Amino acid sequence: MDSFKTLQDEISKALVSTTRSATRISSADIPFQRSLNPEVGTALDSQNARLLHLAQRLLQNAAASSDAVGPKLPDVEAIDANWRGVVDVIDSLLEKADTSLDEYTGVVRRLSPSAEQAAVKPRPNIAERKIIAKPQLTFEHVPTNDDKGGFRPLITSKPHAKVPIEDCLKTFKDYKNREQYPHPYQAEIESYEYPSFLYQHAEPQQYPPFESTTATFVDTPEALAVMLEELKTAKEIAIDLEHHDNRSYIGMVSLMQISTRDKDWIVDTLKPWRRKLECLNEVFADPNILKVLHGAFMDIIWLQRDLGLYVVGLFDTFHAARSLGYPAASLAYLLERFINFKAQKQYQLADWRIRPLGPELFEYARADTHFLLYIFDNMRNELVEKSDFSDSERNKVQDVLTKSKETALQRYEHPVYDNKLGLGPVGWYKLISRTPVQFTSQQFSVFRAVHQWRDALSRKEDESPFFIMPNHAVFSVSRALPADKPALLLAIQHVSHIMRARADELLGVIAEAKKDGVNGPELNDVLKTIADMREADIVRSEAQIPKKVIQASPTPALQQTILSSTVAIPALRASASDFWGKLWQGSPTAQERSMPIVDIDLALPLPPLTAEIFADTNQVIEQATLKAEQSQHTFVPKEDRPQEDQRTDIFVVKQLGGRKRKRAEDQSPTLDPMTNDEISLDPAAVDKESEEAAAKQEKAARKAAKKLKKREQAAQAAALNDNDEPAFDYANAPTILHANDNDGKKKKDKKEKKKKAPGFNPFGGLTDAPKGLPRAQKEIAGRSRTFKS
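Numbering that gives the first Met the number 0 numbers the first residue of the sequence shown as 0 and each following residue consecutively.
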């Protein structure tokens, strides 16, 4: 530390001396000295060249250890033009020095073992990647991209089977009448029962130190056999995959990471004998071993597509993060939340086909599973704490396990291209439905033709469609409709070597599509047809799903009650309502009308339906007027009122539901204007509504009496003051236009006495004339205000 302090002091002194010298030189008249003495000019030029050379070397060395690119300074004039590059290099060095000092003093924790390499080494550029020979060409089973039927599982044996493998390889027809193979481990996954410790709180088991441990690289069959024997003894394992799809049509699993509680493995899945990894089903399908993955939706697909591996007993931490309501659900977020470990995610897009793996890629891949079991322990405890096992809707543990099972049941299917409608994972419909475009019939025809041509070429060359031609280039070509090669290359912009060699072929496809598009279908019409077809498929699939209806068998007494009520009410609904009118288009069938309605109650209470409502309108108005004029209201207690059997003025309607039905004996059909409507009323509710209505009428009468009394008092006061009112003083009255100008001032200062109005001033208006400019202020010798303290 003392040596660093001494070095820092010496550098500071040298910098101060250099700065002072440079300041003195800049204050001198260099051009005058150069013209006065030619020898001085020669010496200055040599010193300038020397200093420029030193600055160039410093910038090159500084840029080598930073993220910036050092500028080239061929002469003195180039410094001004490239000054921005010099500033970038210095800023990058200062940021690096600041980070290093923070890590040295312990203010921040080091990110990861590969953080130094990530800071020194720039982010990998995809455009600068070296050309790698396709490893899929060396596989014992070279992938084919033109399969049309169902995907046949790659497994040759089925460990831990409940259903024999022979029964799992029998084909079936899907809803599109296509031949498919079932999921080999569907029965095992659906009947799997998760271990009991997932529902219990337990102390998280600490992971081994990342810095002092490493992973075992498995790239031989012998190393695979040793790893398999160790994995069989584990209770939980963590699995992750690295996938490559830039130079392959369907993609390939390039790396597999597996971790137990105390050891890590990284498996090379690009070896020619990669199909031998099927032996891992002895662990992956073992119901006694829990498999922890993060975001395993695509991992499940890739494992069965490339390696013939299936997972029984999956716990997906992605679903756990969603169930717990975390702000993010990525693995990088979980590593930072529970481990305080920042993963270098710039390697996520690296080319995982590179062999041998660099130390940065090796450590990044190992970090994905090294901490995953510890993260699983913490998330399981949190799920248990926030779950209510007695309520299925609040059982978060069961929710995560159910979703994990659904993820494990995903089944891979061959990507079949739909020429007509573009449906499916590789069709054009998925692309165009996400992009708001308006194509003519010719442009739409070219779009479909180019998209199909790109897919066919990608399958033939075993390349990604995006590598052949990106999606934006397909839209650009469809809009431009190029007729020659320069126009085509201009529309595509970033042209791959395969695309450049097939440019003439693509021009022929475009020309043919333009001819077909003259009388071809419109884009909106095709999208409407697809939407209708998809809606019909949804309806058909819902109709095929058996609906689970839970019904309790009624007792004989209840059946007899339902039958009697059905006979008593022959028609509960009519085609139209006398009160509401015809609100619905269709009318119920006779069977529906004959069915009893059970447990139907009104959502809103209705006012009390008394006989007065159905009387003459004029009579009702007169009665209401008389009630309003009464000053007092006689209230009858509930105990003194007549019972339900004695009340004949209340219109009691049939009570629907399981309650006892009451009928009105004295009801007259002429008084009911709603013969085809039935309303459910509760007698208790009717009493309550009557009381509330009476209270409201009494309150309204009191308010009306108060208003009338106030008006009478005001009229009497006005009549008394009619004769005593003084005459209006026009001289002292305020003006109409400016009557309220001084109100604000009077309110602010009420204590001030009123001042008398000044007399007439004939020369007062002279001051309202426009004023000239003020006299210019002269400068005073001395320092400016900027430098005053």
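Here a beta-carbon is modelled for each residue, glycine too, at the ideal position from N, C-alpha and C. All values reported here derive from a predicted model rather than from experimental measurement.
#1: Candidates E9, R273, A331, D315: which alpha carbon is nearest L308's?
#2: Tell me, please, which residues DSSP counts as bridged to I338.
#3: Suppose you measure from the CA of H243 to the CA of L372; what does that come to, to the nearest Å?
#4: By alpha-carbon positions, which one of E192, Y191, V162, Y193 ends up nearest to P181?
#5: Does DSSP classify W452 as helix, strand or coil?
#6: Quick check on K527: does DSSP put it in helix, strand or coil?
#7: Determine whether the beta carbon atoms of A284 and Y191 lie at a separation below 8 Å.
#8: State whether the segment 381 to 397 contacts the segment 273 to 282, with contact taken as three or more CB pairs (one from each stretch) at a distance under 8 Å.
#9: Is R572 helix, strand or coil when you go by DSSP?
#10: Under the three-state reduction of DSSP, which class applies to M468: helix, strand or coil?
#11: Alpha carbon to alpha carbon, how far is T17 from D44?
#12: Looking only at DSSP bridge pairs, what is M255 linked to?
#13: Could you give the distance in angstroms between the alpha-carbon of E691 and the alpha-carbon of K708?
#14: What residue range does the beta strand (DSSP E) around T215 cover?
#15: Identify which residue in A542, H413, L522 has its Cα closest to the Cα of F150.
#16: How do the segment 343 to 352 and the segment 188 to 204 stand: do at least 3 beta-carbon pairs fall below 8 Å, yes or no?
#17: Which residues in the same chain have their Cβ closer than 7 Å to the Cβ of A530, if we skip the five residues on either side of it in sequence?
#18: Going by other Cβ atoms of all chains shown within 10 Å of its Cβ, with 16 needed for buried, is A342 buried or exposed?
#19: Do you know how far the Cα of I188 is from the Cα of D173?
#20: In chain order, what residues of the same chain lie with their CB nearer than 6 Å to the CB of G294, ignoring the 5 residues before and after it?
#21: By a C-beta neighbour count over all protein chains shown, 10 Å radius and 16 as the cutoff for buried, is S2 buried or exposed?
#22: Is V494 helix, strand or coil when you go by DSSP?
#23: Suppose the cutoff is 7 Å on Cβ atoms and the five residues either side in sequence are ignored; what does the same chain contact list for H140 look like?
#24: Assign D367 to buried or exposed, taking buried as 16 or more other Cβ atoms, counted over all protein chains shown, within 10 Å of its Cβ.
#25: Report yes or no: do three or more beta-carbon pairs, one from the segment 369 to 387 and one from the segment 155 to 170, lie closer than 8 Å?
#26: Determine which residues share a DSSP beta bridge with D315 and list them.
#27: Going by C-alpha to C-alpha distance, which of A96, D515, D8, L487 sits closest to T439?
#28: Cα separation between V282 and L306?
#29: At what residues does the alpha helix (DSSP H) containing K175 begin and finish?
#30: For a test of the three-state rule: what should DSSP assign to E511, helix, strand or coil?
#31: Is it buried or exposed, M255, if we count other Cβ atoms within 10 angstroms and call 16 or more buried?
#32: For F314, is the classification buried or exposed, using 16 other Cβ atoms within 10 angstroms of its Cβ as the cut-off for buried?
#33: Hey, V517 and S477: beta-carbon distance below 8 Å or not?
#34: Between A510 and F337, what straight-line distance do the alpha-carbon atoms span, to the nearest angstrom?
#35: Any idea if I24 is buried or exposed, counting beta-carbon neighbours within 10 angstroms, 16 or more meaning buried?
#36: For the candidate residues T41, H200, S432, whose alpha-carbon lies nearest to that of D376?
So, from the listed chains and residues:
#1: For the purposes of this step, residue 308 is identified with residue 309 of the sequence shown, where counting begins at 1. The residue with the shortest Cα to Cα distance from L308 is R273.
#2: Counting from one through the sequence shown, the residue named residue 338 turns up at place 339. For I338, which the question treats as bridged, DSSP gives no partner whatsoever.
#3: Reading the sequence shown from its first residue, position 244 is the one you call residue 243. Reading the sequence shown from its first residue, position 373 is the one you call residue 372. Cα to Cα, the separation comes out at about 25 Å.
#4: Position 182 of the sequence shown, counted from the first residue, corresponds to residue 181. Of the listed residues, the one whose Cα sits closest to P181 is V162.
#5: In the sequence shown, residue 452 corresponds to position 453, counting from 1. Looking at W452 - three-state DSSP - the assignment turns out to be helix.
#6: Looking up residue 527 in the sequence shown gives position 528. Three-state result, K527: helix.
#7: On the sequence shown, position 285 is the one that residue 284 refers to. On the sequence shown, position 192 is the one that residue 191 refers to. Taking 8 Å as the Cβ cut-off, A284 and Y191 do not qualify as a contacting pair.
#8: no
#9: Start at 1 with the first residue of the sequence shown, and residue 572 comes out as number 573. Summary for R572: the model assigns pLDDT 44, below 50, so the residue's position carries little reliability; its value from the coordinates is reported in the next sentence. Residue state, collapsed to three classes: coil.
#10: As a position in the sequence shown, residue 468 is number 469, starting the count at 1. Looking at M468 - three-state DSSP - the assignment turns out to be coil, as it is neither helix nor strand.
#11: To locate residue 17, count along the sequence shown from 1; it is residue 18. To locate residue 44, count along the sequence shown from 1; it is residue 45. Near 19 Å, if we compare the C-alpha coordinates of D44 and T17.
#12: As a first step, residue 255 is located in the sequence shown; it is residue number 256 there, counting from the start. In DSSP, M255 forms a bridge with L240, V266.
#13: In the sequence shown, counting from the first residue as 1, residue 691 sits at position 692. In the sequence shown, counting from the first residue as 1, residue 708 sits at position 709. When rounded, the distance between both Cα atoms is 26 Å.
#14: Your numbering for residue 215 matches position 216 in the sequence shown. Its beta strand (DSSP E) spans residues 214 to 217.
#15: Locating residue 150 in the sequence shown gives position 151, counting from the first residue. Closest by alpha carbon: H413.
#16: no
#17: Position 531 of the sequence shown, counted from the first residue, corresponds to residue 530. Cβ within range, chain order: n/a, list empty.
#18: For the purposes of this step, residue 342 is taken as residue 343 along the sequence shown, with counting starting at 1. The residue in question, A342, is buried, as its Cβ has 16 or more Cβ neighbours within 10 Å.
#19: In the sequence shown, residue 173 corresponds to position 174, counting from 1. In the sequence shown, residue 188 corresponds to position 189, counting from 1. So the two alpha carbons sit approximately 21 Å from each other.
#20: Here residue 294 is taken as the residue at index 295 of the sequence shown, counted from 1. Counting only Cβ-Cβ distances below 6 Å, and skipping sequence neighbours, we find F317.
#21: For the purposes of this step, residue 2 is taken as the residue at position 3 of the sequence shown. So S2 ends up on the exposed side.
#22: Here residue 494 corresponds to residue number 495 of the sequence shown, with the count starting at 1. Residue state, collapsed to three classes: coil.
#23: Taking the sequence shown and counting its residues from 1, one reaches residue 140 at position 141. The answer, listed in chain order, is R274.
#24: The sequence position of residue 367 within the sequence shown is 368, counting from 1. Per the 10 Å Cβ criterion, buried.
#25: no
#26: Position 316 of the sequence shown, counted from the first residue, corresponds to residue 315. Bridge partners of D315: L292.
#27: To locate residue 439, count along the sequence shown from 1; it is residue 440. Answer by Cα proximity: D515.
#28: For the purposes of this step, residue 282 is taken as residue 283 along the sequence shown, with counting starting at 1. For the purposes of this step, residue 306 is taken as residue 307 along the sequence shown, with counting starting at 1. The straight-line gap from Cα to Cα measures roughly 14 Å.
#29: In the sequence shown, residue 175 corresponds to position 176, counting from 1. Neither: K175 is in no alpha helix (DSSP H) and is coded neither H nor E.
#30: The residue given as residue 511 occupies position 512 in the sequence shown. In this structure, E511 counts as helix in the three-state DSSP scheme.
#31: Taking the first residue of the sequence shown as position 1, residue 255 is located at position 256. So M255 counts as buried.
#32: Against the sequence shown, residue 314 aligns to sequence position 315. It counts as buried.
#33: On the sequence shown, residue 517 is found 518 positions in, with the first residue counted as 1. On the sequence shown, residue 477 is found 478 positions in, with the first residue counted as 1. It is not a contact, given that the beta carbons lie outside the stated cut-off.
#34: Residue 510 sits at position 511 when you count from the first residue of the sequence shown. Residue 337 sits at position 338 when you count from the first residue of the sequence shown. C-alpha separation (whole angstroms): 59 Å.
#35: Here residue 24 refers to the residue found at position 25 of the sequence shown. I24 is exposed by the Cβ-count criterion.
#36: Taking the first residue of the sequence shown as 1, we reach residue 376 at position 377. Comparing Cα positions, the closest option is H200.
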